[in-house]
Amino acid sequence: MKADNEKLIESYSDKLPPSVLEEIKVGVPGTISKEKLIQILDRSILVYKNAKVHAGECVGLVSAESIGEPGTQMTLNTFHFAGVAEMNVTTGLPRIIEVFDSRKIISTPSMEVFLNSKINQDVEKVRQLASSIKETRFGELVSEYSLNIFEQTLGIKLNSEIIADKGLTTKDIVKLIKAKVKNFEVESKSDEIIFTQKSKSEDIKDLYGIKEKLKEIKIKGLKGIVQVLPVKRGEEYIILTSGTNLKDVLALPEVDGTRTVSNDIHEVREVFGIEAARQAIINEVYKVVESQGLNINIRHVMLVSDLMCVGGVVKGITRYGVVSEKASVLARASFETPLKHLINAALEGEIDNLTSVVENVMINQPVPIGTGLPGLVTKMK
Amino acid sequence: MVETHELIPKHTKISDSEKEKLLETYQVSWSGLPKINKSDPAIAKLNVKVGDVIRIDRESKTAGKSVYYRAVVEG
Numbered sequence: 026m027k028a029d030n031e032k033l034i035e036s037y038s039d040k041l042p043p044s045v046l047e048e049i050k051v052g053v054p055g056t057i058s059k060e061k062l063i064q065i066l067d068r069s070i071l072v073y074k075n076a077k078v079h080a081g082e083c084v085g086l087v088s089a090e091s092i093g094e095p096g097t098q099m100t101l102n103t104f105h106f107a108g109v110a111e112m113n114v115t116t117g118l119p120r121i122i123e124v125f126d127s128r129k130i131i132s133t134p135s136m137e138v139f140l141n142s143k144i145n146q147d148v149e150k151v152r153q154l155a156s157s158i159k160e161t162r163f164g165e166l167v168s169e170y171s172l173n174i175f176e177q178t179l180g181i182k183l184n185s186e187i188i189a190d191k192g193l194t195t196k197d198i199v200k201l202i203k204a205k206v207k208n209f210e211v212e213s214k215s216d217e218i219i220f221t222q223k224s225k226s227e228d229i230k231d232l233y234g235i236k237e238k239l240k241e242i243k244i245k246g247l248k249g250i251v252q253v254l255p256v257k258r259g260e261e262y263i264i265l266t267s268g269t270n271l272k273d274v275l276a277l278p279e280v281d282g283t284r285t286v287s288n289d290i291h292e293v294r295e296v297f298g299i300e301a302a303r304q305a306i307i308n309e310v311y312k313v314v315e316s317q318g319l320n321i322n323i324r325h326v327m328l329v330s331d332l333m334c335v336g337g338v339v340k341g342i343t344r345y346g347v348v349s350e351k352a353s354v355l356a357r358a359s360f361e362t363p364l365k366h367l368i369n370a371a372l373e374g375e376i377d378n379l380t381s382v383v384e385n386v387m388i389n390q391p392v393p394i395g396t397g398l399p400g401l402v403t404k405m406k
Numbered sequence: 131m132v133e134t135h136e137l138i139p140k141h142t143k144i145s146d147s148e149k150e151k152l153l154e155t156y157q158v159s160w161s162g163l164p165k166i167n168k169s170d171p172a173i174a175k176l177n178v179k180v181g182d183v184i185r186i187d188r189e190s191k192t193a194g195k196s197v198y199y200r201a202v203v204e205g
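Line by line, the protein sequences are chains A and B. To convert, count from 1 in the first sequence and add 25; that's the numbering used here. To convert, count from 1 in the second sequence and add 130; that's the numbering used here.
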């Protein structure tokens, strides 16, 4: 009986969405008769069809209002940062603006690095991995610089404590430095490295130059990862990072490549593709919405995200992004920088076919939404 | 390895007959479909060419599962 019912519910899969069918499956008692179940299903189809958005409904406008109104409340709640210990992540309105504008450089790039089941229970191993992915520059290991202008040499004293802490040896460091530095002879004496200029020129600018250059040399870790923080998330330990480098992190064998995410939408698109970026936008925006205790229906966020990702690359809701794609000159001009658009359109001899909303509002014509959408079809004799 | 990420829904290439049927049912031209770049990491292993249509089976929070289509373009 129960199996029959399930089969019957399955057969409606082309008429009702899976989530509705699932609800019916869970909701009806196992002893229900076939006739009753058919009644329920048919009634559900009716309700479902009634709930559907009608053709011509201006969903974009509804979304804009539905996101915009709670957005105004967010500005008042000065709660724009959230963080664990010293790790700060932008949230609140600034974050939402950042995501919808699809900024290339975001204010607090960060990653959540999930780890394999082999090591995600072991705090010590997680901490080790965390410190190994953090980018270490040469400048951090130095305790003293001594510039000898007379002999044209630069002596650098290394801080052996920090070096040991990072699991490095002076030998490795010297080897790395030698590969990067040209025009200088590199000598290492116990805890000091001495740079001597090969060509004995009078210019001491080069010595200053090399000092600054040395500081920036990457000794260890992954590029871009400024800070790491192992935290407990549920049953396992994960690593929060500030600064992102998704590609290199995923290449590590200890990292769980199915869950690790970055909050940089452009990076997600590059590494995982446009569909992942669409989902990432929804997740990022909804995370903020939920953390602020607001109630925005996820459909609105999905619509905006779909629009941003429709062209295969992520476009922001800005005059350079989705607005620049609009076919109508007047619609573009009504958004931002009207003069620029009108002048360019005049130069190019652009034609506005008045097929959308804004341009028709401007010239006082009925707009093609709702009942204004359908036209009359007449048979010509 | 990357394709197994939880953010990436299932991508499949659809056949030419399915493509025609799709364009017919939705009364849309190929160029009217949403786009996906040929170089997109999610379709790297599907051996696609420009002009193909990709079927995407999304996990949706509202509908459970939803189907989306994207046209493969240069890029």
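Cβ coordinates follow ideal geometry from the N, Cα and C atoms, glycine included. In this text the structure is predicted, and so the values were computed from the model without any measurement.
Endpoints, alpha helix (DSSP H) assigned at residue i
i	result
L372 of chain A	P363 to E373
H79 of chain A	Counting along the chain, H79 of chain A falls outside any alpha helix (DSSP H), and DSSP gives it neither H nor E.
K151 of chain B	D146 to T155
K32 of chain A	K27 to E35
K196 of chain A	T195 to K205
S50 of chain A	Going by the sequence as given, residue 50 of chain A is Lys instead of Ser. Here the alpha helix (DSSP H) through K50 of chain A covers P43 to G52.
M387 of chain A	V382 to M387
DSSP beta-bridge partners of residue i
i	result
S196 of chain B	B:R188
N177 of chain B	Paired residues: none, contrary to the question.
N145 of chain A	DSSP, once it has assigned bridges, lists no residue as partnering N145 of chain A.
Q252 of chain A	A:S267
T161 of chain A	A:K245
I131 of chain A	Beta-bridge pairing links I131 of chain A to no other residue.
R258 of chain A	A:E261
I166 of chain B	B:V202
S287 of chain A	A:M136
H392 of chain A	It is Val, not His, that sits at residue 392 of chain A in the sequence shown. V392 of chain A is not bridged to any residue.
V338 of chain A	DSSP lists no partner for V338 of chain A.
V158 of chain B	DSSP, once it has assigned bridges, lists no residue as partnering V158 of chain B.
V274 of chain A	V274 of chain A is not bridged to any residue.
V402 of chain A	Answer is none; V402 of chain A lacks a bridge partner.
V183 of chain B	B:A201
V280 of chain A	A:L140
Residue i: first and last residue of the uninterrupted beta strand (DSSP E) it sits in
i	result
I323 of chain A	No beta strand (DSSP E) holds I323 of chain A; the alpha helix (DSSP H) holding it covers I323 to M333.
Q317 of chain A	Neither: Q317 of chain A is in no beta strand (DSSP E) and is coded neither H nor E.
I122 of chain A	Element bounds for I122 of chain A: not the beta strand (DSSP E) but the alpha helix (DSSP H), G117 to F125.
V138 of chain A	S135 to V138
F297 of chain A	First-last for F297 of chain A: I290 to F297, but that is the alpha helix (DSSP H), not the beta strand (DSSP E).
I219 of chain A	E217 to Q222
N173 of chain A	V167 to N173
E350 of chain A	E350 of chain A -> no beta strand (DSSP E), and no H or E assigned at all.
K182 of chain A	T178 to L183
V211 of chain A	F209 to K214
K143 of chain B	K140 to K143
Cβ separation of residue i and residue j, assumed to be a contact under 8 Å, to the nearest whole Å
i	j	result
T268 of chain A	I242 of chain A	In the sequence under discussion, the amino acid at residue 268 of chain A is Gly, which differs from the Thr named in the question. Incorrect: roughly 17 Å between the Cβ atoms, too far for contact.
K74 of chain A	G55 of chain A	Wrong, their Cβ atoms sit about 28 Å apart, outside the cutoff.
Y198 of chain B	L152 of chain B	So it is not a contact: roughly 11 Å between Cβ atoms.
I218 of chain A	V206 of chain A	Their Cβ separation, rounded to whole angstroms, is 10 Å, which puts I218 of chain A and V206 of chain A out of contact at 8 Å.
E133 of chain B	K175 of chain B	7 Å
Close beta carbons around residue i, own chain, < 7 Å, minus the five adjacent residues each side
i	result
A302 of chain A	I290, V293, R294, C334 and V339
E279 of chain A	L140, N141, I144 and L154
S88 of chain A	H325, L328 and V329
K165 of chain B	R200, A201 and V203
Cβ-based neighbour list, residue i, same chain, cut-off 6 Å, excluding 5 preceding and 5 following
i	result
D126 of chain A	G341 and T343
A140 of chain B	First, the amino acid is wrong: residue 140 of chain B is Lys here, not Ala. The answer, listed in chain order, is D187.
G164 of chain A	K240
I188 of chain A	L166
I158 of chain A	G246, L247 and I250
Beta-carbon proximity list for residue i, same chain, < 8 Å, skipping 5 on both sides
i	result
N10 of chain A	Absent from the model: residue 10 of chain A. The displayed extent of chain A is 26 to 406, so no value can be given.
K248 of chain A	E160, N270 and D273
T362 of chain A	R344
E31 of chain A	K50
T396 of chain A	G81
For residue i, the nearest candidate out of the options (CA to CA)
i	options	result
N167 of chain B	B:I184, B:E189 and B:D146	B:I184
K257 of chain A	A:N369, A:E149 and A:L46	A:E149
G81 of chain A	A:L401, A:K404, A:V392 and A:I244	A:V392
I144 of chain B	B:Q157, B:L137, B:G181 and B:V158	B:G181
K203 of chain A	A:F220, A:E176 and A:V354	A:F220
V253 of chain A	A:V310, A:A76 and A:V151	A:V151
S316 of chain A	A:A76, A:V114, A:V51 and A:P42	A:V114
T97 of chain A	A:G85, A:S156, A:M112 and A:G117	A:G117
Y37 of chain A	A:S58, A:G52, A:L62 and A:K196	A:L62
P399 of chain A	A:H79, A:Y233 and A:L46	A:H79
L319 of chain A	A:F360, A:M99, A:N308 and A:K406	A:M99
D170 of chain B	B:K179, B:D146 and B:W160	B:K179
T192 of chain B	A:I235, A:I92, A:G52 and A:E47	A:E47
L193 of chain A	A:N173, A:S156 and A:F209	A:S156
T266 of chain A	A:S135, A:R128 and A:I394	A:S135
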